[in-house]
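Let me begin by presenting the structure, written as structure tokens, before commenting on it.
Protein chains in written order, with the working numbering: chain E, 1 to 372; chain Z, 373 to 744.
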């Protein structure tokens with residue numbers, strides 16, 4: 001499934017370093033990429049974290065120890081989960097193309113499912129009987145057309161989507177660790193998924209999902225998929241977040257229409273009014289996606305596991321002060337920072353890394369950063 | 373309401389001639405215009421009908437007598453209905469712009485309603501309770517925004533649309549004569565409409581509507597309106613004909629989404645899939661129509677009540693044979709007939725008129741004709 005781009009394969013040592021880096025405090029997917037690019041590899045980046053934090057104005061962040069990383073890899077293996085790095089053969093190609101792909105995902109189940117073309121089906125937790133029926137009908141139709149179904153293992157529409165695709169290929173994306181299934185009563189559903197399907201997460205073992213982990217997880221649901229089908233969704237529901245993320249990622253957004261009197265249709269009707277493709281049956285979706293399936297994905301290289309380290313750069317104190325002075329809680333473009341600070345891009349990026357590791361900076365999409 | 377185009381006013385004599393011509397056998401709105409254009413007025417056209425029919429190969433068609441025309445005008449007046457000619461001040465300006473506007477319409481009620489901007493609301497006869505509720509809600513919202521509501525006085529959605537706009541302005545377009553209300557149980561609804569609203573028809577008094585009169589009537593519903601709202605519609609329903617006619621006339625088409633499990637939503641969901649604007653509340657419609665309301669209508673002149681008669685032209689027998697030989701039951705462009713026959717446009721048009729009055733020719737939209 002990685003035709004076209006370079007396939008990498010981490011050594012055990014590299015995998016431990018990657019895991020240590022992404023599990024360390026204040027390191028998210030974007031920072032991971034920036035650190036790897038700057039230091040030429042995960043090992044050097046982990047080593048650099050204390051100095052970066054100090055220069056960014058805080059004490060040493062919690063750094064994941066080698067022991068903890070080994071323990072997670074071992075415990076995952078016992079659960080049947082493999083930690084797959086971006087760029088490796090089992091890492092889903094489409095997910096690799098999103099703006100902030102997780103450097104490592106833990107995959108349980110039949111990995112070949114991830115080689116199938118995928119469509120996400122999501123919707124209300126308190127689904128109506130009609131919504132469940134429609135979900136089944138559409139999932140069956142998509143499965144018949146050769147698609148695997150991606151969803152979030154939630155109650156309602158998500159569960160119906162998984163159940164309808166158990167035998168053909170289903171992908172459950174979790175917001176917590178593999179050993180922290182949410183909702184707990186879906187542990188049995190998960191057991192039913194694994195023989196022919198997949199569960200995956202970017203979160204560590206033992207991670208209890210919090211509210212903010214669900215939107216984060218939703219970017220993986222849309223990121224894995226050619227398109228996202230929203231079956232029932234109230235106003236301001238999580239499914240609409242998935243739809244928005246799908247749009248940002250250039251994925252197709254499909255919505256099922258519903259009566260204007262049905263509050264469960266407010267979200268989907270709203271999406272249709274905003275330009276989502278209205279669908280009432282699987283054929284509507286297949287006819288849009290089949291032409292896309294053949295197209296080449298834009299190549300985007302994974303970070304090199306061990307590249308050349310950039311020449312070390314330490315900003316002068318006044319440069320750092322000037323750059324920090326240009327930042328505020330309102331997001332600003334990194335390009336503008338470079339222009340306004342009169343510092344070199346390398347220096348600006350280094351100051352941003354320092355602030356980030358110190359827990360003082362947030363990276364948004366589109367090259368925007370803000371002070372926390 | 374006729375700002376911009378010439379307003380005409382027929383004399384009593386002219387009105388009688390117009391009525392005689394349109395009520396004569398084989399004369400529809402298109403033929404009426406062709407005859408008036410050729411003979412310079414309705415009087416000369418009526419006189420010419422027997423000769424045209426003879427040359428077209430049939431005996432004299434039933435020609436409406438002067439007495440019958442006077443009787444219809446008088447009987448209409450007693451019912452409170454005025455026969456208004458295209459181009460007259462009370463003739464709705466928008467209706468004048470369609471491809472085949474009726475030369476005369478009989479209007480009952482408060483004529484000023486026709487000066488309001490109009491929106492049609494149509495849908496299933498066997499409407500659901502939800503459909504009726506939505507119709508009311510949308511009609512109220514449109515009335516509040518200053519629109520009059522146009523519909524077909526049918527059971528279900530139509531009746532709900534009229535009832536919701538009784539006090540603000542409603543237009544019932546009939547498929548039969550004013551004294552042949554269909555369905556009969558809506559006679560009381562019609563009585564409630566007339567104090568503040570309008571009933572209109574192009575059909576003569578005493579005309580019992582047949583199945584084929586309803587699609588014909590539907591072109592007036594859409595023709596009067598800036599846009600047409602389809603509330604509930606099954607597959608292949610009459611409301612979809614109105615939607616198609618609205619598109620052909622360049623009117624906006626709005627459709628209410630519904631559950632894919634609801635057969636009453638199949639038609640409206642289908643329209644949305646084909647590009648109709650999905651709407652769930654009146655504001656959605658108002659926001660599309662308000663910018664259009666200000667725009668100037670394209671000017672289209674009504675036929676002159678007494679213009680210059682064209683020089684009489686009688687095709688030579690072999691010319692007529694050649695032109696008839698080019699016709700078949702498959703529609704063909706008049707322009708192609710002129711080119712292929714090597715006859716002058718005037719001669720071709722005269723032969724077509726002859727065939728039409730003889731009941732042997734059908735005119736379609738877009739300059740197409742076929743043999744019957």
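Virtual Cβ for every residue (Gly too), placed ideally from N, Cα, C.
Quiz item: Does any residue of chain E bring its CB to less than 8 Å from the CB of residue 645 of chain Z?
Solution: yes
Self-check item: Candidates E:103, E:59, E:325: closest to residue 18 of chain E by CA position
Solution: E:103
Exercise. Thinking residue 121 of chain E and residue 202 of chain E are a contact (beta carbons under 8 Å), I'd like their distance in whole angstroms, please.
Key: Actually they are not in contact, since the Cβ atoms of residue 121 of chain E and residue 202 of chain E sit about 21 Å apart, beyond 8 Å.
Quiz item: Can you tell me where the alpha helix (DSSP H) with residue 268 of chain E in it begins and where it stops?
Solution: 266-273
Exercise. Taking residue 506 of chain Z as the query, report the chain E residues whose CB atoms sit under 7 Å from its CB, ordered along the chain.
Key: 260, 261
Practice problem: Leaving aside the five residues before and after residue 330 of chain E along the sequence, list all residues of the same chain whose C-beta is less than 7 Å from its C-beta, in chain order. | Solution: 370
Exercise. Determine the extent of the alpha helix (DSSP H) in which residue 686 of chain Z is found, giving its start and end residues.
Key: Segment: none, residue 686 of chain Z is in no alpha helix (DSSP H) and carries neither H nor E.
Practice problem: Could you name the residues of the segment 482-512 of chain Z whose beta carbon sits closer than 7 Å to any beta carbon of chain E, in the order they occur along the chain? | Solution: 502, 505, 506
Quiz prompt | For residue 426 of chain Z and residue 721 of chain Z, the rounded distance between their alpha carbons | solution = 16 Å
Quiz item: Can you find a CB in chain Z that lies within less than 8 Å of the CB of residue 256 of chain E?
Solution: yes
Quiz item: Are three or more beta carbon pairs between the segment 216-225 of chain E and the segment 234-245 of chain E nearer than 8 Å?
Solution: yes
Quiz item: The beta strand (DSSP E) spanning residue 106 of chain E covers which residue range?
Solution: 104-109
Quiz item: residue 663 of chain Z touches chain E at which residues, Cβ-Cβ below 9 Å?
Solution: In chain order: nothing, as chain E lies at least about 17 Å away.
Quiz item: If we count the other Cβ atoms within 10 Å of its Cβ and call it buried at 16 or more, is residue 539 of chain Z buried or exposed?
Solution: exposed
Exercise. Name the residue from E:363, E:185, E:178 whose alpha carbon lies nearest to the alpha carbon of residue 208 of chain E.
Key: E:178
Quiz item: For the beta strand (DSSP E) that residue 252 of chain E lies in, which residues bound it at each end?
Solution: 252-255
Quiz item: In terms of residue numbering, what span does the alpha helix (DSSP H) encompassing residue 98 of chain E cover?
Solution: First-last for residue 98 of chain E: undefined, no H or E at that position.
Practice problem: Name, please, each residue of chain E whose Cβ falls closer than 9 Å to the Cβ of residue 653 of chain Z. | Solution: 260
Practice problem: Kindly indicate which residue of Z:392, Z:548, Z:567 has the alpha-carbon position closest to the one of residue 577 of chain Z. | Solution: Z:548
Quiz item: In chain order, what residues of the same chain have a beta carbon less than 8 Å from the beta carbon of residue 633 of chain Z, not counting five sequence neighbours either side?
Solution: none
Exercise. Count the other C-beta atoms from every protein chain shown that fall within 10 angstroms of the C-beta of residue 516 of chain Z, then say buried if there are 16 or more, exposed otherwise.
Key: exposed
Self-check item: Distance CB(residue 423 of chain Z)-CB(residue 407 of chain Z) smaller than 8 Å
Solution: no
Quiz item: What's the gap between the Cα of residue 234 of chain E and the Cα of residue 227 of chain E?
Solution: 20 Å
Quiz item: So, is residue 495 of chain Z buried or exposed, given that buried needs 16 or more other C-beta atoms within 10 angstroms?
Solution: buried
Quiz item: Is residue 685 of chain Z buried or exposed, if buried means 16 or more other CB atoms sit within 10 Å of its CB?
Solution: exposed
Quiz item: Of all the options Z:530, Z:719, Z:568, Z:624, which has the alpha carbon lying nearest to the alpha carbon of residue 603 of chain Z?
Solution: Z:530
Practice problem: Pull up the CB-CB distance for residue 189 of chain E and residue 162 of chain E, whole angstroms please, since I reckon it's below 8 Å. | Solution: 6 Å
Quiz prompt | Cβ neighbours of residue 134 of chain E in the same chain (closer than 7 Å, five flanking residues each side left out) | solution = 231, 256
Practice problem: Alpha carbon to alpha carbon, how far is residue 218 of chain E from residue 473 of chain Z? Give it in angstroms, no decimals. | Solution: 55 Å
Quiz item: From residue 526 of chain Z to residue 557 of chain Z, what distance separates their C-alpha atoms?
Solution: 10 Å
Quiz prompt | Cα-Cα separation between residue 169 of chain E and residue 586 of chain Z, rounded to whole angstroms | solution = 51 Å
Quiz item: Within the 8 Å Cβ cut-off, does residue 656 of chain Z reach chain E?
Solution: yes
Practice problem: List the endpoints of the continuous alpha helix (DSSP H) containing residue 590 of chain Z. | Solution: 585-596
Quiz item: Could one say the Cβ of residue 1 of chain E lies closer than 8 Å to chain Z's Cβ atoms, at least one of them?
Solution: Any reading at residue 1 of chain E must be qualified, since the residue scores a pLDDT of 43, below 50, and its modelled position is unreliable; the value itself is stated next. No, no contact with chain Z.
Exercise. Report the neighbours of residue 278 of chain E on chain Z: residues whose CB is nearer than 9 Å to its CB, in chain order.
Key: 629, 641, 644, 645, 650
Quiz item: What span of residues does the beta strand (DSSP E) with residue 543 of chain Z cover, start to end?
Solution: 542-545
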